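Working notes for the structure below.
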Amino acid sequence: MGPKRTPAATTTPASTTGPVPAPSAPTMPSSAASPSSTTSASLSSGPKTLTSNSSIYDIAHTVWQQYLATTPQRTLLLDAFMAFLVLVGGVQFVYCVLAGNYPFNAFLSGFCAAVGQFVLTASLRMQTSQSSSSGGVGASVGAKGKGKKGITGSGAGEEGGVSHERAFADYVFGSLILHFFCINFIN
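The opening residue of the sequence shown carries number 70 in our numbering; numbering runs sequentially from there.
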């Protein structure tokens, strides 16, 4: 709308140059000031903006709030499960260091199950993340490789990626194989 008003103001100053630029100049800043005033009002009521000398606590708090506000519920659930797997693996490792590792194959089996499940869950998170599926074909080709274009093109409504159902089926199948080997390794 600003460019439409500028030509009208240009034709009017041709007939009278003195009085017209004065009203058109306040008209342009007032029309430009009203969106910027609403923008600044929305920014001031929005989240706190960070400066270059913000404290670490402010930065961490802002990142955490943005993560909670922009991350889908499914991804939050996967992240919580991944944090649980890190906790389980850490507890097993600390127990092995402090109490000893007499049944070493049991420790290895449990620790490998936690690490393997973490890796499988991270893979599921990458495949079902909204940002990777909305990135387009170019973003997913680098992650998936060139050989899977024909397979991934048949995904249900997704551009260049596997469907969420297929990703979850792969996750369940990989988890079953992982836990089968872990249980057999305990002996």
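Cβ atoms here follow ideal geometry from the backbone N, Cα and C, with glycine treated the same way. All values reported here derive from a predicted model rather than from experimental measurement.
Query: Hey, threonine 131 and leucine 154 are a contact pair by Cβ (cut 8 Å); roughly how many whole angstroms apart?; Result: With 8 Å as the limit, threonine 131 and leucine 154 do not qualify as a contact, their Cβ atoms being about 27 Å apart.
Query: Would you mind reading off the limits of the alpha helix (DSSP H) that contains glycine 230?; Result: That residue, glycine 230, is in no alpha helix (DSSP H); it is neither H nor E in DSSP.
Query: Buried or exposed: which applies to leucine 156, given that a residue is buried once 16 or more other Cβ atoms fall within 10 Å of its Cβ?; Result: exposed
Query: Quick check for students: name the residue ranges of the alpha helix (DSSP H) that lie wholly in the stretch 115-181, counting only runs of 4 or more.; Result: 125-139 and 142-168
Query: How is serine 192 classed by DSSP in three states: helix, strand or coil?; Result: helix
Query: Could you check whether threonine 144 and serine 198 sit closer than 8 Å to each other, using their CB atoms as the reference points?; Result: yes
Query: How about valine 188 and glycine 158: do their beta carbons lie closer than 8 Å?; Result: no
Query: Glutamine 186 to glycine 169, Cα distance in whole Å?; Result: 24 Å
Query: Whose C-beta lies closer than 7 Å to the C-beta of phenylalanine 150 among residues of the same chain, with five residues either side of it excluded?; Result: Thr190
Query: What three-state label does DSSP hand serine 198 in the structure shown?; Result: coil
Query: Would you tell me roughly how many angstroms separate the C-alpha atoms of cysteine 251 and phenylalanine 180, rounded to the nearest one?; Result: 9 Å
Query: Short of 8 Å in beta carbon distance, which residues of its chain neighbour phenylalanine 254, apart from the five on each side in sequence? Order them along the chain.; Result: Asn174, Leu177, Ser178 and Cys181
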